[in-house]
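Taken in order, these protein sequences are the chains called F and X.
Note that this note's numbering has the first sequence beginning at 1, numbered continuously upward.
Note that this note's numbering has the second sequence beginning at 314, numbered continuously upward.
Below is one structure, written out as structure tokens, with a few remarks after it.
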Amino acid sequence: MRKAYRVAAVAVAATALLVGGAALAAGSSDKKVKNFAFFISHQQNEFMVGLAQAVVDAGKAQGVNVKVYTGDSDPAKQNSQVDNAIAQQVDGIMLDPASFDGLSAAVQAAVDAKIPIITVHESVSNQDLAAAYVGVDLKLGGQREMEQAAKDLNGKGNIAFMYGALGHPAQIAITEGGKEVLAKNPDVKVVLDGTGNWVAPDALSLAENWLSTGKQIDAIVCNNDGMALGVLPALRSAKKVGAIKLYGLDAPPEAMKAIKAGEETASIYNDSKTEGKKAVETMIAVSEGKPVDKKIIIAPIVITKDNVDQYLK
Amino acid sequence: MPGAIGTKRIGILLAKAGILWAFLGLFIILSILSPAFITPNNLMNVVKQMSVNGIMGIAMTFVLILGGIDLSVGSLIALTSVCAAFFARQSLELPLIVPIAVSLLVGVAAGAINGFGIAYVGISPFIMTLAMMSCLRGLAQVLSNGTPIFGLSKQFNGIANGFVLGIPNLVYFLVVILIIGIFVLRKTVFGKWVYAIGGNEVSARLSGINTRWIKVVVYMSSGLLAGVCGVLMASRITSGSPIIGVGYELNAISAAVIGGVSMSGGTGNLLGTLVGALIMGVIQNGLDILGVSAFYQQIIQGLIIMVAVFLDIKSKSRI
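Structure, rendered in structure tokens:
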């Protein structure tokens, strides 16, 4: 009985290999259109979903095939995905790393296999090996966000600082930017801080608890709008909407609506469409051996009540 | 003398309830460390914040006593929050019963798939619910197109955010589900069957209990309660979101196990689970109120749970 199962398992595996191999052969016989692979660290929020879509759309517009692989925030998984793409001899790799240090092997492997590689949205520890970095500057975004908060507080006040998932590269970058601005504004004090893990339920509970402490809070500054929008119900319950200024980052449509309504004070818009378009343009240029800038930054835009109508679709 | 025996029995019960003493001790320590903790407003916050975990803990208690496990509940909560939010949008102007019914039906359906796979196809609960954890999360992402759904009706938002007689609605949901759960587990034959299957599945089956059907019902109930939590969570954060609920199954298991439910099945009770969920809620709330750095919170949470369960084990072994 057991032997029959083993034979069957081997037969299934062999068939799968043969079918897979045939599919690969069929796919790679099309030599005219370039095939690129975009490895995105995750698609767990609106921004990342938008970025993946923007890359695919830009690929279509530029006449190239782009296949998106989602890494579920797992560096090990991404390393495997990149290895598979190298084995399939793709024409170029666009990598949004799930970790700064954890993808250096993948980058090295691509360089060794002579496959052009650029990083998108986040950089890697061996960035000099990659042909270019295309992306938003999250640290700059964090700086702009805190600068707006400091400005709105006239350089003096109490801030509660809400972080994304601790240790996440985006959390580190945005928080670093915010802290640099705080260092320059000594009268703006962080009286409370904590993590909302990027999501609304955690942000809501944390904000409720902050409001319970009785401490004077003039502004709540969040690493992303997923959390800022989660803080809003707590402000509404405590009847502090507008009284406590609220800041987020990413500026999805719902956040822009909240800014227009005066419930949120400001956010940072990182244009994922432009980021995706520039990433594909740069990838094509690199794969054709053309010279490119090593660092292509998409500038963050501060969205307040004054300019939100321009961006709200 | 019945009076003296009655007092002795209560004494033994109280002594065995080590976890209850751990909770009370924690409560007193936090009250001393921070006056803000013990205000009525904050205590209501604690119960609001642990209510979803409490409800899922109740569901998980049934599943664990049965000898199973349900790893899919976190993803199911995300999926049902998306389903509920879709139909709760102000623009659709549908009666409140629609988003609630859809959410519950989706929950029950997912639970039925789990139950069928486990009881009739014979896939182990860990593997089946782990696979569903992935499928349901993916489905939530696909249905919502990766973005949260906002713009829900005021009525829907009021479900979780409202008050009756000065007590948050979430408390009523938790208490009612707890009472129903205790009634089923302790006062019905069905409850006895669940314990029997968890204690010794083979003898349960041989004594004529329809183990397969009962398993399906327990997993369907777990799915149903996840559907309830999907509605409550969507209402609380005024949006349906495909990314919430990550780790909720582990939190539910923690609440149950801290409360004395055995991971190998056959033992446990719902009041213990409630205390377990309260301990978890009080710790999180207390650490936030005390302004403990986020980096240390996880270490402290783990240590407190170790101490609480240690006290519980010690109290049980001395009797």
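C-beta atoms are modelled at their ideal positions from N, C-alpha and C, and glycine is treated no differently.
Listed by chain order, chain X residues near Asn209/F by CB distance under 7 Å: Taking the first residue of the first sequence as 1, we reach residue 209/F at position 209. Within 7 Å Cβ-Cβ: Asn358, Asn598, Asp601 and Ile602.
Ser577/X to Leu379/X span [Cα, whole Å]: For the purposes of this step, residue 577/X is taken as the residue at position 264 of the second sequence. For the purposes of this step, residue 379/X is taken as the residue at position 66 of the second sequence. Spanning the alpha carbons of Ser577/X and Leu379/X requires a straight line of approximately 9 Å.
Sheet register partners of Thr304/F (DSSP bridge): By one-based count along the first sequence, residue 304/F stands at place 304. Answer by DSSP bridge pairing, in chain order: Ala266/F.
Under 9 Å between C-beta atoms of Leu392/X and Ser575/X: Counted from its first residue, the second sequence places residue 392/X at position 79. Counted from its first residue, the second sequence places residue 575/X at position 262. Not closer than 9 Å, so no.
Where Ala346/F meets chain X, residues with beta-carbon distance less than 7 Å: This structure does not reach residue 346/F, given that chain F is present from 1 up to 313, and the question cannot be answered.
Close-in-space but distant-in-sequence residues of the same chain around Ser104/F (CB under 7 Å, 5 per side omitted): On the first sequence, residue 104/F is found 104 positions in, with the first residue counted as 1. Val124, Ser125 and Asn126.
Chain-order list of residues whose beta-carbon lies under 6 Å from that of Gly142/F (same chain, five-residue window excluded): The sequence position of residue 142/F within the first sequence is 142, counting from 1. The answer, listed in chain order, is Ile174, Gly177 and Gly178.
Beta-carbon spacing of Ala255/F, Gln148/F below 9 Å: On the first sequence, residue 255/F is found 255 positions in, with the first residue counted as 1. On the first sequence, residue 148/F is found 148 positions in, with the first residue counted as 1. Gln148/F is positioned such that its CB atom lies no closer than 9 Å to that of Ala255/F.
CB contact below 9 Å: Leu204/F versus chain X: Locating residue 204/F in the first sequence gives position 204, counting from the first residue. For Leu204/F, the nearest CB of chain X lies under 9 Å from its own CB, placing it at the interface with that chain.
C-beta neighbour in chain X for Gln81/F, strict 9 Å: By 1-based counting over the first sequence, the position of residue 81/F is 81. No - not a single Cβ of chain X is within 9 Å of the one on Gln81/F.
Residues near Ala109/F in its chain [Cβ-Cβ closer than 8 Å; skip 5 each side]: Locating residue 109/F in the first sequence gives position 109, counting from the first residue. These residues qualify, in order along the chain: Val82, Asp83 and Ile86.
Whole-angstrom distance between Arg525/X and Ala509/X, CA atom to CA atom: In the second sequence, the residue the question calls residue 509/X occupies position 196. In the second sequence, the residue the question calls residue 525/X occupies position 212. Distance from the CA atom of Ala509/X to the CA atom of Arg525/X, rounded to whole angstroms, is 13 Å.
Distance between Phe399/X and Leu449/X (C-alpha atoms, nearest Å): Taking the first residue of the second sequence as position 1, residue 449/X is located at position 136. Taking the first residue of the second sequence as position 1, residue 399/X is located at position 86. Cα to Cα, the separation comes out at about 16 Å.
Member of Lys34/F, Asn197/F and Gln216/F whose CA lies at the smallest distance from the CA of Val66/F: The residue you call residue 66/F lines up with position 66 of the first sequence. For Val66/F, the nearest C-alpha among the options comes from Lys34/F.
The stretch 423-439 of chain X / the stretch 484-501 of chain X touching (three or more Cβ pairs under 8 Å): They do not touch, by the three-pair rule.
For Lys189/F, the three-state DSSP class (helix, strand or coil): Your numbering for residue 189/F matches position 189 in the first sequence. The DSSP-derived three-state label of Lys189/F is strand.
Three-state secondary structure assigned by DSSP to Thr70/F: Counting from one through the first sequence, the residue named residue 70/F turns up at place 70. Strand.
Contacts of Gln468/X in chain F (Cβ-Cβ under 8 Å): Within the second sequence, numbered from 1, the residue matching residue 468/X stands at position 155. Residues of chain F with a Cβ closer than 8 Å to the Cβ of Gln468/X do not exist; the shortest Cβ-Cβ separation is about 15 Å.
Residue interval of the beta strand (DSSP E) (run including Leu95/F): For the purposes of this step, residue 95/F is identified with residue 95 of the first sequence, where counting begins at 1. It spans Gly92 to Leu95 - the beta strand (DSSP E) in which Leu95/F sits, taken as one unbroken run.
Beta-carbon contacts of Ile453/X that lie in its chain and below 6 Å, excluding the five residues immediately before and after: Residue mapping note: residue 453/X aligns to position 140 of the second sequence, counting from 1. As written in the sequence, residue 453/X is Ala, which differs from the Ile given in the question. Counting only Cβ-Cβ distances below 6 Å, and skipping sequence neighbours, we find Ala391, Leu392, Val395 and Pro555.
Euclidean distance between Cα positions of Lys361/X and Leu483/X: In the second sequence, the residue the question calls residue 361/X occupies position 48. In the second sequence, the residue the question calls residue 483/X occupies position 170. In a straight line, the C-alpha of Lys361/X is about 6 Å away from that of Leu483/X.
Residue-level contact to chain F via CB, Ile632/X, 9 Å cutoff: Within the second sequence, residue 632/X is the residue found at index 319, counting from 1. Only weak support is given to the placement of Ile632/X: the predicted model assigns it a pLDDT of 47, under 50, and the question is left unresolved by the model.
Proximal residues of chain C, C-beta to C-beta of Met546/X below 7 Å: Judged by its chain identifiers, the structure shown contains no chain C, and its protein chains are F and X.
Short-range partners of chain X found in the stretch 32-51 of chain F, where Cβ spacing is below 9 Å: Listed by position along the chain: Gln43, Gln44, Asn45, Glu46, Met48, Val49 and Gly50.
Within-9 Å CB hit, Ser388/X to chain F: In the second sequence, residue 388/X corresponds to position 75, counting from 1. Not closer than 9 Å to any Cβ of chain F, the Cβ of Ser388/X fails to qualify, so no.
Leu17/F classed as buried or exposed, judged by whether at least 16 other C-beta atoms fall within 10 angstroms: Locating residue 17/F in the first sequence gives position 17, where the first residue counts as 1. By the 16-neighbour rule on beta-carbons within 10 angstroms, Leu17/F is exposed.
Bridge partners - Cys222/F, DSSP secondary structure assignment: Position 222 of the first sequence, counted from the start, is the residue given in the question as residue 222/F. Its beta-bridge partners are Met162/F.
Range covered by the alpha helix (DSSP H) that runs through Asn84/F: Looking up residue 84/F in the first sequence gives position 84. Annotation for Asn84/F: the continuous alpha helix (DSSP H) segment containing it runs Pro75 to Ala87.
Gly276/F: first and last residue of the uninterrupted alpha helix (DSSP H) it sits in: Against the first sequence, residue 276/F aligns to sequence position 276. That run of the alpha helix (DSSP H) goes Ser272 to Ser287.
Three-way DSSP call (helix, strand, coil) for Thr119/F in this model: As a working note, residue 119/F is residue 119 in the first sequence. Looking at Thr119/F - three-state DSSP - the assignment turns out to be strand.
Residue-level contact to chain F via CB, Ile617/X, 9 Å cutoff: Taking the second sequence and counting its residues from 1, one reaches residue 617/X at position 304. No - not a single Cβ of chain F is within 9 Å of the one on Ile617/X.
Heavy atom of the ligand SAH within 8 Å of Val107/F beta-carbon: The ligand SAH is absent from the structure shown, which contains no ligand whatsoever.
Tyr609/X, buried or exposed, once every other Cβ within 10 Å from all chains shown has been counted against 16: Translated into positions along the second sequence, residue 609/X becomes position 296. Of the other Cβ atoms in all chains shown, fewer than 16 fall within 10 Å of the Cβ of Tyr609/X; this residue is therefore exposed.
Pick from Phe623/X, Leu600/X and Thr374/X that is closest to Gly494/X, judged by C-alpha positions: Here residue 494/X corresponds to residue number 181 of the second sequence, with the count starting at 1. Minimum Cα distance to Gly494/X is reached at Thr374/X.
Beta-bridge pairing of Tyr133/F - partner residues as DSSP gives them: Sequence index remark: in the first sequence, residue 133/F carries index 133 (1-based). According to DSSP, which records beta bridges pairwise, Tyr133/F is partnered with Thr119/F and Lys295/F.
Beta-carbon contacts of Trp210/F that lie in its chain and below 7 Å, excluding the five residues immediately before and after: What you label residue 210/F is simply residue 210 of the first sequence in a count that begins at 1. For Trp210/F, where only same-chain residues beyond five positions count, the Cβ hits under 7 Å are Ala160, Leu192 and Ile217.
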